[in-house]
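From first to last, the protein sequence lines stand for chains A and B. If you're matching positions, the first sequence starts at 15 in the working numbering and goes up one per residue. If you're matching positions, the second sequence starts at 89 in the working numbering and goes up one per residue.
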Amino acid sequence: MNGFLHQVIAGIATGGIYASVALALVMIYQATHHVNFAQGEMATFSTYIALTLVQAGLPFWVAFFATVGISFCIGVVIERVLMRPMANAAVLTHVGLFIGLVLVVSNLTGWVFDYTVKPFPTPFHDGPLLGGLVTGHELGSTAVTLVVLGLVYLFFRHTRLGLAMRAAAFNPVSARLVGVRVGWMLALGWGLAAAIGAIAGIMVAPVVFLEPNMMLGILLYAFAGALLGGIDNPGGAVIGGFAVGVIENLGGTYIVGTELKLTLALVIIIGVLLVRPAGLFGRVVLSRV
Amino acid sequence: MATETTLPIAPPRPAFAVDPRIVWGVGLIILVAPLFLAESYQLFQLTLAAIYAIAILGLNLVTGYNGQISLGHGAFYAAGAYVAAIMMDKLNLPYWSTLPAAAVLCGLLGYGIGLPALRLGGLYLALTTFSLAVAVPQILKYKGIEAWTGGVQGVLVTKPDAPFGLPLNSDQYLYLFTILVALGIFLLARNLMASRIGRAIMAIRDHGLAAEAMGMDIASLKTSTFAVSAMITGVAGALSAIAVEFVSPDSFQVPLSITLFVGMVVGGVASIIGGVFGGLFVVFMPNVAEGISKAAPGVIYGCILIAFLFVLPGGVAGLLRRLAARLRR
C-alpha cells in the first residue's frame, strides 16, 4: 500500500512537469490555434541558457527570471520571423515549419552546448520529505507549476491584454475591427508559451538531467495530458498533465512495465481522440457549415 | 469555412512536348547506367535513394494528395523492414516473398491506424502519428516479442545473389531489383492518381464538404488511401532491410519519419516524381551538409526545409514544372 501511495505521489510530481508543458501547448493553442511541435526543443534550449547563466555565477532565481525573459523574446522573434509570413498558408506548411524548427533548434542545442548529459541544480531543499514520500524538488516544482497556472488564469480572465488575446484567437477579424492588434497578440502568445516552456524545462532538468533530447518523451506525455484535459482549457490541461503522470507511473509499475511507458502515451492520445475528442474539460466545438 | 489548401496539382500531361518514347529511353539509360559506372558503395547509396523514393511516394499519397498529414510513416517503414528480416532470418523464406507480405501487413496496419485518424484533422493527426513514430522503437525493443525481433540487437539478414546466373554481383543485382520494384510502384501510383479514384482523393483534400456532396465516400476513401500509403512505405521498408542487411530499433527512431517528411517537401508535395528527388535528397544531402559543417547537418537540414517552404513550396518537382512551362512558352 505504501508502495502504491509512493507511486501515486511520484506520478503527481512528474505530472507537474507534464502539466507545465501541457500548459505551454494550450497557451499556444489558445493564442494561435497551433500545436507547436518544437515546444520541447525550445524548452531544452532555454534550460541550457539557464545552466549557462547559473554557471556564470548568477544566483539561481536571477538566472531563472532572466531565462524566462530571454525565452519570451525568442518566442516572439520566431513568431514574427517564421510564422507571420506564413499565417495564411496551409496546415501542411505550418507542420513543415514546426518540423524545421525542431530540426534546427534541437541540433543547434547539441552543436552549441554539446551532447554530454549534464546535471542541473535545483533551488529547493534536495532531500526526502514527508517520510520519504516526496523529495523537496518534486514538491517545489509542483508548487511552481501551480503558481504559473494561477498567473496564467488571472492573466487570461482578468486583464485587458488577456481578453484581447482570447478575442484574437477566437475571432481574428472581429477582434481586429474593435482595435485588437491580432498579429501582436499571436506573437505574444508564442512568447508566453516559450516562457512557460522554459519554466517547465528548468523544473524538469534536475530530475531527468540535461541533454538535447530531454523533452522528447515529455512533450508526448504533455500532449497526451493536454488532450485528456481539453486542448482549449488551461486548467483542464494541467489536471490532464497530472493525471497522465499518475497513469504513467501506475501503468509503468503495475501493468506494462517501464519499457512501454511511451506507448502508454500513444494509447492515451488515441483513446481520448476516439472516445472524447474534446477532452474531459474541453468545449465541444460545433461548426456551422 | 475557409478553403483548406492551395497546393499545386500536377498537370495531367508532361510539361514538355517531347515524344514520350524519348523520355522513356533517356530515363531507362539514366537508371541502368550506374550498374556499370558506379562503385559498390555508390550503387548501395543509389539503391537506398530508390528505396526512400518509394517510401516518400507512399507518404505523398496520404499527405500530399489526400491532405492527411502523417509524421509517423517511419512506423510502416519499420514494420515492413521487420517483416522482411523476420521472414528471411527466422523462417528462411526467399527475399522476394517478403515484399508482398510486407505490403499486406503494412496495408492492414495502415487501415487500422487510418480508422481513428479519420476523426482527426490537420495538426491532431500530425501529432498523433508523430507520437506513433516516438513509440515505435520502444515497441520494437519490447521483451515479449524479443524472440522474433531480436530486441535491442535487431536481426541480421544476408543480401541475395543474382539469380539465373546473371553476371552481376549482389550489389548490382539488388540495385536492379530495387529499381524494377520502384518503377512498378511509381507507375501504379501514377495511374491511380490519374484515375477517378485519384481525383476523388484530391477532391477530399481540397474541399471535403464539396467532395461529400458530390457523393464520395470520404471515410472509406481516407482509410483506403492511408492503407495504400502504408503498404507502399512498408514495401520500401522491406527493401531497406534486404539492402542494409540489418534491422534494429535504433534505425527506426523519430528522425526517420522526419526524414521522409522533409524528403516529401523538398521533392514536391503532391507530385509522383517528387518522390525521386526526395529520395536522392535525403540520401545525398547529409554528405553535402557534413562537407559544409561537420557539427550540424541537422541545422542545415532544418534550414533547407524552411527555405523550401518559403521559396519553393512546390519542391524540386514544382520548380522543374515551372521551368518547363516557361520553356514551352
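Glycine is no exception: its CB is placed at the ideal position from the N, C-alpha and C atoms. Note that the coordinates shown come from a computational prediction; the quantities given were computed from them, not determined experimentally.
Alpha carbon of residue i to alpha carbon of residue j, nearest angstrom
i: residue 244 of chain A; j: residue 292 of chain A; result: 6 Å
i: residue 172 of chain A; j: residue 38 of chain A; result: 19 Å
i: residue 93 of chain A; j: residue 99 of chain A; result: 9 Å
i: residue 204 of chain B; j: residue 190 of chain A; result: 37 Å
i: residue 207 of chain A; j: residue 229 of chain A; result: 15 Å
i: residue 247 of chain B; j: residue 323 of chain B; result: 16 Å
i: residue 259 of chain B; j: residue 131 of chain B; result: 7 Å
i: residue 149 of chain B; j: residue 157 of chain B; result: 10 Å
i: residue 88 of chain A; j: residue 54 of chain A; result: 14 Å
i: residue 21 of chain A; j: residue 221 of chain A; result: 16 Å
i: residue 378 of chain B; j: residue 161 of chain A; result: 45 Å
i: residue 90 of chain B; j: residue 23 of chain A; result: Per-residue confidence for residue 90 of chain B stands at a pLDDT of 46, beneath the threshold of 50, marking its modelled position as unreliable; the derived number appears in the next sentence. Cα to Cα, residue 90 of chain B sits roughly 46 Å from residue 23 of chain A.
i: residue 311 of chain A; j: residue 121 of chain A; result: In the structure displayed, chain A extends from 15 to 303; residue 311 of chain A sits before or after that span and is not available.
i: residue 413 of chain B; j: residue 133 of chain A; result: 58 Å
i: residue 113 of chain B; j: residue 137 of chain B; result: 21 Å
i: residue 213 of chain B; j: residue 288 of chain A; result: 12 Å
i: residue 240 of chain A; j: residue 42 of chain A; result: 12 Å
i: residue 224 of chain A; j: residue 48 of chain A; result: 27 Å
i: residue 337 of chain B; j: residue 232 of chain A; result: 20 Å
i: residue 215 of chain B; j: residue 250 of chain B; result: 43 Å
i: residue 297 of chain B; j: residue 319 of chain B; result: 27 Å
i: residue 111 of chain A; j: residue 216 of chain A; result: 25 Å
i: residue 249 of chain A; j: residue 96 of chain A; result: 29 Å
i: residue 257 of chain A; j: residue 151 of chain A; result: 19 Å
Opposing strand residues paired with residue i [DSSP bridges]
i: residue 334 of chain B; result: B:244
i: residue 215 of chain B; result: According to DSSP, which records beta bridges pairwise, residue 215 of chain B is partnered with nothing at all.
Closer than 9 Å to chain B by CB, residue i
i: residue 99 of chain A; result: yes
i: residue 267 of chain A; result: no
i: residue 238 of chain A; result: yes
i: residue 65 of chain A; result: no
i: residue 51 of chain A; result: yes
i: residue 283 of chain A; result: yes
i: residue 121 of chain A; result: yes
i: residue 204 of chain A; result: no
i: residue 116 of chain A; result: yes
Residue-level contact to chain A via CB, residue i, 9 Å cutoff
i: residue 230 of chain B; result: yes
i: residue 256 of chain B; result: no
i: residue 159 of chain B; result: yes
i: residue 307 of chain B; result: no
i: residue 376 of chain B; result: no
i: residue 103 of chain B; result: Note that residue 103 of chain B scores a pLDDT of 49, beneath 50, so its modelled location is shaky and nothing firm can be said.
i: residue 223 of chain B; result: yes
i: residue 241 of chain B; result: no
i: residue 397 of chain B; result: yes
i: residue 438 of chain B; result: Outside the shown range of chain B, which is 89 to 417, sits residue 438 of chain B, and nothing can be said about it.
i: residue 199 of chain B; result: no
i: residue 386 of chain B; result: yes
i: residue 389 of chain B; result: yes
i: residue 370 of chain B; result: no
Helix, strand or coil at residue i according to DSSP, with G and I counted as helix
i: residue 149 of chain A; result: strand
i: residue 132 of chain A; result: strand
i: residue 224 of chain A; result: strand
i: residue 156 of chain B; result: coil
i: residue 341 of chain B; result: coil
i: residue 281 of chain B; result: helix
i: residue 103 of chain B; result: Low per-residue confidence applies at residue 103 of chain B: pLDDT is 49, beneath 50, and the placement is therefore not dependable, though the value from the model is reported in the following sentence. Here residue 103 of chain B sits in coil by DSSP.
i: residue 30 of chain B; result: Only positions 89 to 417 of chain B appear in this structure, which leaves residue 30 of chain B out of reach.
i: residue 252 of chain B; result: coil
i: residue 207 of chain B; result: coil
i: residue 230 of chain B; result: coil
i: residue 295 of chain B; result: coil
i: residue 229 of chain A; result: coil
i: residue 392 of chain B; result: helix
i: residue 267 of chain B; result: helix
Rounded Cβ spacing between residue i and residue j (contact assumed at less than 8 Å)
i: residue 277 of chain B; j: residue 145 of chain B; result: 6 Å
i: residue 425 of chain B; j: residue 166 of chain B; result: As shown, chain B starts at 89 and ends at 417. That puts residue 425 of chain B outside it, with no answer to give.
i: residue 281 of chain B; j: residue 153 of chain B; result: 6 Å
i: residue 341 of chain B; j: residue 276 of chain A; result: With a Cβ gap of about 12 Å, residue 341 of chain B and residue 276 of chain A do not count as contacting.
i: residue 327 of chain B; j: residue 266 of chain B; result: 6 Å
i: residue 321 of chain B; j: residue 143 of chain B; result: 5 Å
i: residue 294 of chain A; j: residue 254 of chain A; result: 7 Å
i: residue 178 of chain A; j: residue 194 of chain A; result: 5 Å
i: residue 33 of chain A; j: residue 119 of chain A; result: That belief does not hold up - the Cβ atoms of residue 33 of chain A and residue 119 of chain A are roughly 23 Å apart, past 8 Å.
i: residue 36 of chain A; j: residue 187 of chain A; result: At roughly 29 Å, the Cβ-Cβ gap does not stay under 8 Å, so residue 36 of chain A and residue 187 of chain A are not in contact.
i: residue 107 of chain A; j: residue 348 of chain B; result: About 17 Å; that fails the 8 Å criterion.
Any non-hydrogen atom of the ligand FAD within 8 Å of residue i CB
i: residue 365 of chain B; result: The ligand FAD is absent from the structure shown, which contains no ligands of any kind.
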